[in-house]
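>
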Amino acid sequence: MKFANVRELKAKTSEMLRTVERGNTVLVTTHGRPTAMLVPVTEDDIEDALLAYSPTLRKKIEEGLKDIRAGRTMRLADYKATRVKKKARTA
78 MKFANVRELK AKTSEMLRTV ERGNTVLVTT HGRPTAMLVP VTEDDIEDAL LAYSPTLRKK
138 IEEGLKDIRA GRTMRLADYK ATRVKKKART A
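Quick note on our numbering: the sequence shown kicks off at 78 and runs consecutively.
(1) Taking the alpha carbon of alanine 113 as the point to measure from, which residue in Leu127, Met93, Ser131 has its own alpha carbon closest?
(2) Based on Cα-Cα distance, which residue from Thr106, Val118, His108, Ser91 lies nearest to glycine 100?
(3) Between the C-alpha atoms of threonine 107 and valine 97, what's the straight-line distance to the nearest angstrom?
(4) So alanine 154 is in the alpha helix (DSSP H); what residue range does that whole segment cover?
(5) Pick helix, strand or coil for arginine 110, following the three-state DSSP scheme.
Below you can see the structure in the form of structure tokens.
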């Protein structure tokens, strides 16, 4: 693991990113205290990161799962048919 303060990160951002791309982690400090970590990620990691760091997204997924369990769902074809009918009425 590499350590860098904010000034070093600002001056050597590209170098730090190359370090991370090679599979290493960079711990960023501010006034000697850890404030952030630059960690390698893959495309597969992005979904996990979104779920881990987005309370809003997690809440929406939980709400959707509750709707499924409660039977408050409809087939996509039925939804599209409903939308077409609504558009025809408003036109």
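By construction, the Cβ of each residue, glycine as well, lies at the ideal position given by its N, Cα and C atoms.
Keep in mind that this is a model prediction, so the values were computed, not measured.
Considering the structure as presented:
(1) Met93
(2) Val118
(3) 19 Å
(4) 153-167
(5) strand
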